[in-house]
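Scroll down for the structure; my scribbles are underneath it.
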Amino acid sequence: MAMDDVQVKDGVDAETVDAVIALSGAYKYGWNTEIEMEYAPKGLSEDIVRLISSKNEEPKWMLEWRLAAYRRWLELKEPDWAMVEYPKIDFQDQYYYARPKSMEEKPKSLDDVDPKLLETYKKLGIPLKEQALLAGVEAPEGERRVAVDAVFDSVSLGTTFQAELLQAGVIFCSISEAIREHPDLVKRYLGTVVPVSDNYYATLNSAVFSDGSFVYIPPGVRCPMELSTYFRINAENTGQFERTLIIADKEAYVSYLEGCTAPQRDVAQLHAAVVELVLLDDAEIKYSTVQNWYPGDENGKGGIYNFVTKRADCRGDRSKVMWTQVETGSAVTWKYPSCVLRGDDSQGEFYSIAIANNMQQADTGTKMVHLGKNTKSRIVSKGISAGKAQNTYRGLVSMHPKAKNSRNYTQCDSLLIGDKCGAHTVPYIEVKNNSSRVEHEATTSKVDDDQLFYCRSRGMGEEDAVALVVNGFCKEVLQALPMEFAMEAQALVAISLEGSVG
Amino acid sequence: MLEIKNLQVQLEEEDKQILKGVDLSLEAGKVHAIMGPNGSGKSTLSYVLSGKGGYEVTAGSAHLEGNDILSMEPEERAAAGLFLAFQYPVEIPGVGNMTFLRTAVNSQRKLRGEPEMSAGEFLKVVRAKAKDLKIDAEMLKRPVNVGFSGGEKKRNEILQMAMLEPKMCILDETDSGLDVDAMKLVAQGVNALRDGKRTFLVITHYQRLLDHIKPDVVHIMAAGRIIKSGGPELALQVENNGYSDLLEGSA
Ligand SMILES: Nc1ncnc2c1ncn2[C@@H]1O[C@H](COP(=O)(O)OP(=O)(O)O)[C@@H](O)[C@H]1O
Ligand SMILES: [Mg+2]
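The structure is reproduced here in structure tokens:
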């Protein structure tokens, strides 16, 4: 890592530089699991789509859905508007399905999974054991339990705590299992948030997704534990295409976390995921991501190309979604977790910290689409660039005619460490009614008035006071991520954006 | 130092008058105390002087060293030398106490057109002042007021005051919720700042704080008015007899 020869700009906090160096130092997850794999033939065709569908033992409607997506994809063009540059991807020169041989026969439980695979997760620090709690004993304070769906290349190895979750009515399983076991729910919601033809990568995903996670929280249920999926890419020359669908029914609540890593390889690999969140009346979803795909080496060789479509549909009134993302990995990131605020009084929040070092390129941000009355959104984005990295924030806030009295608050900061990197901010704003407000600057209504007054009474200007309080809030959000996944996030807490630009 | 004339204040939201014509004249270097029953408007006075929203000044004025502070933003008042130690200090999650202090000190300096305090100098000064108030390094690192005990919050207010070196200090019930030792510590902190020029307005319920911070003038406030002013003996009278005879006298 080439941090030593980087000129650190004046005013950049030393602790921040240390934290960035520590984070983007040697990639800690770059080892590879030696294991016998089974691949689909290289390249993409209708036959491959059929093969993936049959491997997952899917019903016919699912195959038809995939094939329609594939045919649509053939007509689409790869988007080129993002501020990222990479060699043209040869979609025929990679594998679309890779499964450990030992997974051919579906294991009955995680105990039956190949120890080598289990070892992989242990080494990554991901708990796949269900720490049983004694009946009637509360989990000790601060020791939260996390149910994990472990996805390895193209398949889910298994999901922990399924039985216990089911007792609360919560369905948590791989998407392939959901398609088989809960077809009605899947049929009803799949593709309703991110339509098949939404964009190039989403369409590709719709055709070839191999696995991913499915969550259904029934009305009035607060999910009794944190849910998470850990994605591991291991196979070479293989793309990972996972699909996540989370449905929070009326008054349901769930906090969900995803983590991802991959071995260090010289050849870039494609990852194109789709995440759909559905929120009915009064539902709440917190969705956190710690993205740490292999970023490539300091000369830009290898790494994951991460093209992801994530969207939450706040269909219900008063529903609330929060996206939190910590992005430190990937060679190329193209990702805009979005909120469609359809229900009246619904709320969307987006908190992002993206660190790009060496030759990494990140083009990330969010879309807040206000359709319902009194909808609120908040965007806090922090981009940190070092080395020769490029970090772009791209955000859209759109207030539709019916979204009366809606509010948005956006705060984007970027920090450049060194003088060879770049930071860009590309905000789009559309307001189609005259009672809504979009603020790129400080406003008093978004942050607690008492906190603001306290800061101002100590001499801080209104804008500085808002920034301080919101930054603090962000740190709290990061600190709330479960430890197993969030070593990076913990380190990020030391980062300050003093001396920042943009 | 601070001249308040016929200050009348009502709530912005509803038509409720809280201050009904307050007059106060605080000379530089003096310590004035305000005592009074709950709900008489003491906190409201301190908030209005420091610029909190939600209140409407319907009549009267307030001048700090001749400058009309009521027309200033809260941060401008702070930069002009006004400081309020809050009755209920606010918690700011995720913001380190030290970061907060440094931001405050440098924001004020910037507003006054002074150079910022360097990180090294700041650290030196803050450590020394924190030590006097028995505030340890751990407390400086923690988020502002989050998880602080009542006493810690109040000491933290005094630390901010010591760092900001204001000309006019208003202390709103800084003694409430403190045990005797903590109160002594706070009083010491305040007394250390008395330099013959700095002015204090000490709002309190109890005589006992005034044993440690000797006031020059004591005012009694009731129902939005100063109903009586006198020397330190007035505080003793309240301590012994309560407010009832004073209140009857004014009715
Ligand atoms: N923001 C507010 N909203 C409603 N009532 C208020 C508000 N601020 C003050 N008051 C009222 O004004 C009166 C004076 O309050 P306060 O200034 O806090 O008194 P003190 O500090 O002397 O106890 C009380 O009746 C209180 O309820
Ligand atoms: Mg009060």
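Protein chains in written order, with the numbering used here: chain E, 11 to 512; chain G, 20 to 270. All C-beta atoms in this analysis are idealised placements derived from N, C-alpha and C, irrespective of residue type, glycine included.
- CA-CA distance, residue 435 of chain E to residue 320 of chain E, rounds to 20 Å.
- Against chain G, a Cβ distance below 7 Å from residue 461 of chain E picks out 109, 111.
- In this structure, ligand 2 has a non-hydrogen atom nearer than 7 Å to the beta-carbon of residue 61 of chain G.
- Around the Cβ of residue 122 of chain E, a 10 Å sphere holds fewer than 16 other Cβ atoms; the residue is exposed.
- Put simply, the backbone Cα of residue 208 of chain E is about 14 Å away from that of residue 377 of chain E.
- Under the Cβ distance rule, residue 94 of chain G counts among the residues neighbouring chain E, one pair being separated by less than 8 Å.
- Residue 367 of chain E has its alpha-carbon roughly 6 Å from the corresponding atom of residue 395 of chain E.
- For the stretch 143 to 163 of chain G, the beta-carbon criterion of a distance under 9 Å to any beta-carbon of chain E is satisfied by 162, 163.
- Going by DSSP, residue 208 of chain G is part of the alpha helix (DSSP H) stretching over 199 to 211.
- The closest CA to that of residue 124 of chain E, considering only E:162, E:95, E:104, E:155, is found on E:162.
- In this structure, DSSP gives residue 174 of chain G a helical state, which the three-state scheme calls helix.
- Secondary structure at residue 274 of chain E: coil, using DSSP grouped into helix, strand and coil.
- If you look at residue 80 of chain G, you'll find it isn't in any alpha helix (DSSP H); it sits in the beta strand (DSSP E) that goes 74 to 83.
- Shown here, residue 410 of chain E sits in coil according to DSSP, grouped into three states, outside any helix or strand.
- Collapsing the DSSP output to three states places residue 233 of chain E in coil.
- Looking from the CA of residue 282 of chain E, the closest CA among E:260, E:296, E:254 belongs to E:254.
- With a cutoff of 7 Å, residue 192 of chain G counts as near ligand 2, since its C-beta is closer than that to a heavy atom of the ligand.
- Residue pairing for residue 183 of chain E: DSSP places it in a beta bridge opposite E:224.
- Against chain G, the CB of residue 467 of chain E has a partner CB under 8 Å away; the residue lies at that interface.
- Using a CB distance cut-off of 8 Å, residue 485 of chain E counts as an interface residue toward chain G.
- Counting only residues of its own chain and dropping the five nearest sequence neighbours on each side, residue 96 of chain E has a CB closer than 8 Å to the CB of 278, 315, 341, 342, 371.
- The Cβ atoms of residue 363 of chain E and residue 398 of chain E lie no closer than 8 Å to each other.
- Straight-line spacing of the CA atoms in residue 223 of chain E and residue 203 of chain G works out to 60 Å.
- The straight-line gap separating the alpha-carbon atoms of residue 188 of chain G and residue 473 of chain E is approximately 25 Å.
- With respect to the 8 Å criterion, residue 171 of chain E and residue 188 of chain E are not classified as neighbours on the basis of their beta carbons.
- At least one heavy atom of ligand 2 sits closer than 7 Å to the Cβ of residue 106 of chain G.
- Taking residue 196 of chain E as reference, the option from E:442, E:87, E:72 with the minimal CA-CA separation is E:72.
- Of the residues assessed, residue 91 of chain E falls on the exposed side of the cut-off, its CB having fewer than 16 other CB atoms within 10 angstroms.
- Among the CB atoms of chain G, none fall inside 8 Å of the CB of residue 423 of chain E.
- In this model, residue 213 of chain G and residue 299 of chain E are separated by some 53 Å (Cα to Cα).
- Counting the other CB atoms within 10 Å of its CB gives residue 355 of chain E a total of 16 or more, which places it among the buried residues.
- Separation of the CB atoms of residue 205 of chain G and residue 194 of chain G is rounded to 7 Å, and the pair is thereby assigned contact status at 8 Å.
- When 8 Å is used as the limit between beta carbons, residue 361 of chain E is near no residue of chain G, the shortest such separation being about 12 Å.
- Linking residue 401 of chain E to residue 262 of chain E through their CA atoms gives a straight-line distance of about 36 Å.
- Those residues of the stretch 185 to 204 of chain G placed with their C-beta closer than 9 Å to a C-beta in chain E do not exist.
- For residue 426 of chain E, DSSP records a beta bridge to E:395.
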